[in-house]
Every structure is written in C-alpha cells, then in structure tokens.
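Read the structure below first, then the notes.
Numbering (the working numbering), first residue to last: 1 to 314.
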C-alpha cells in the first residue's frame, strides 16, 4: 500500500571489538574507513518499519571464523551466553510471566559461561511509532535499580524489542570518546530558542518521526550538529552515546523483535545463526531448570480449523 509510511526504524550500526553499540560513523569521522580483519568481533544492528510498526535485528559476527577456524575462549563464551539467553527470553516472555523472572534466568545463563549481561541495558515493549514502550525488561540492573525497577506482566499480542548484550567482563561499560551519530526524538515538549535547533527539530520530525536516525543521512551534517546541541540539552532529542568495554574483553549481541501470542512467542526477525561447530565454548549450562526450559519447543501451536456446521435436515 503506497499510502503507508515506511522507512528506517534503526540505522545500521557496526560496532567492532570493544565498541559495544551505536557506532554509525559519518564520512567525516576519522574512524569511518576502518578495515575489518580476521578475529574482529563485529556487532551489526539495523531495523525498518512499515506504517510505524518496526522490525529490528542484530547479531555478532567474528571475521574469518568457520568450522575449520572456530571461535574459542572468552569470545566464544560471550557469544554462546548471548545465544542461550535470547533463546530463554523467547520462551519466558509468554502471557502471565513477569519481567524479573527473565532477568534472573538471563543472569544465571551468563554466569554459566563466565560472563555478565551489560548493566542497565533494556528490552522494550514496542508500539506503533515507538520502540521504547512502557513495559521493560532489564537484564542486569545496577544494585540501586533492582528494587525500584517496575515489574510488569507479559500479555498476548504485545511486541518486544529484545536486546541482549553479554560481556566477558564485569558488565559495566563507559561512554566512548567517539563522536555520537545516532539520535531520536523523545516526545518531550520544549520551546526551542535557537533558530538552528528549531530547524533541526522540524527536519527530524518530518524525515524520521519518532525513530532513531543517523547524522550521516541528514542533508546538512554541520547544520544538524549545531541544532542538536540545544535539542539534546533540553531533552527533546536523545543521543545514543557510543559505549565501550575494556579492550581485553569480548561482547556479544543478539537482537530481535518478538510477538507474544496466546500460544507462544514468535521471532519476527532473525539475526546471525548460532553454529556450535563455529562457536566452540568449553562451558555449558548445568542448571537443570534452565536446561529444561531451553529444551521446550518454540513452535506456536495453531488452533485447529473449525469444522463446518452439519447440513440442516429437511
């Protein structure tokens, strides 16, 4: 239908090694011409929408890896942990379950591989034109957030953006010094003072709506950066700051959009397929309850078709 809006729901980001997420450099950035090499751990994320309904996917690739040249050590541990955490989440976000039960299971899975989910990263309920819905799942809350984080219950026909980030480190990342390039409107209202800020905000609203965008897609990058100064300062636009881990650690990502149905949870998007012949971890999940959970089928049971009514007798 040509009348339906369609576009980018999340701009392509390619985050390499200890750069965790949100890396989408513009042509003017010094690091935009980075050449990937064998052994690099690369996380790719992107998304699209039709009529404001978004599908987002992301995954982790190790350059040059294969069954003949498998991934081992802490990188394999992190990738395996992220994979099994995502598999568990798909089985846990069914109607009637609570978000904090997901938190507990994901932390146990990460621990089994000697890893941790990255602190305070969130999975969100998705709505039309909104990737950051009211219901949230936190996979590794900071101590001060755990007791205050809002508990919610999953319900049929909800859609969630599942964003799993697992690190071989302590779970804490820091803001990178690399320049931020991804932004989105917040929904906050404020009468902007600067002409450049008002023009930038108007362009964002017309071109990207409420979805994240990257400065490299803007017509005038310099003018946009100037306008964003007041927009971000006053909270009408959110900056997706680039996060980084220690260079000695490995980070893995699995991101997908999930639809909760009365009979199960369906992945709307698929990322990078997990291959145990390529990802060779020496660790495994020992917890019997989690092993049983992961063995359950994710196939959605369809209701049998209604039988035609018997023909009326004369």
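Positions of the beta carbon are idealized from the N, C-alpha and C atoms, including for glycine. Predicted model, so just to flag it, every value in this text is computed and none were measured.
| query | result |
| --- | --- |
| Residue 110 to residue 10 span [Cα, whole Å] | 27 Å |
| Residue 186 and residue 238 closer than 8 Å at C-beta | yes |
| Classification of residue 275 by the beta-carbon crowding that lies within 10 angstroms, buried from 16 upward | exposed |
| Backbone CA spacing between residue 7 and residue 184 [nearest angstrom] | 14 Å |
| Length at least 3, wholly inside the stretch 184–252: the beta strand (DSSP E) runs in chain order | 237–239 |
| For residue 45: DSSP bridge partner residues | 13 and 58 |
| Whether residue 176 touches residue 250 by CB criterion (8 Å) | no |
| Counterpart residues of residue 258 in DSSP-defined beta bridges | 160 and 267 |
| Closest Cα partner of residue 32 within the set 23, 265 and 39 | 23 |
| Whether residue 255 touches residue 162 by CB criterion (8 Å) | yes |
| Assigned exposure category for residue 230 - 16 Cβ within 10 Å defines buried | buried |
| Whether residue 140 touches residue 107 by CB criterion (8 Å) | yes |
| Separation of residue 194 from residue 222, as counted between CA atoms | 15 Å |
| Buried or exposed (CB count within 10 angstroms, at least 16 for buried), residue 314 | Confidence is the limiting factor: at residue 314 the pLDDT is only 41, short of 50, which leaves the residue's position unreliable and the question unanswerable from this model. |
| C-alpha gap between residue 283 and residue 290, whole angstroms | 15 Å |
| Cutoff 7 Å; reference residue 77; Cβ partners in own chain excluding five residues on either side | 113, 114, 115, 168, 281 and 283 |
| Distance between residue 210 and residue 85 (C-alpha atoms, nearest Å) | 29 Å |
| Reduced DSSP category for residue 103 - H, G, I as helix; E, B as strand; rest coil | helix |
| Residues bridged to residue 21 [DSSP beta-bridge criterion] | 243 |
| C-alpha distance - residue 263 paired with residue 51, whole-angstrom precision | 26 Å |
| Beta-carbon proximity list for residue 315, same chain, < 7 Å, skipping 5 on both sides | Missing from the structure shown is residue 315; the chain here goes from 1 to 314 and no further. |
| Assigned exposure category for residue 59 - 16 Cβ within 10 Å defines buried | buried |
| Distance, residue 27 Cα to residue 44 Cα | 18 Å |
| Beta carbon of residue 71 nearer than 8 Å to that of residue 279 | yes |
| Beta-bridge pairing of residue 137 - partner residues as DSSP gives them | 123 |
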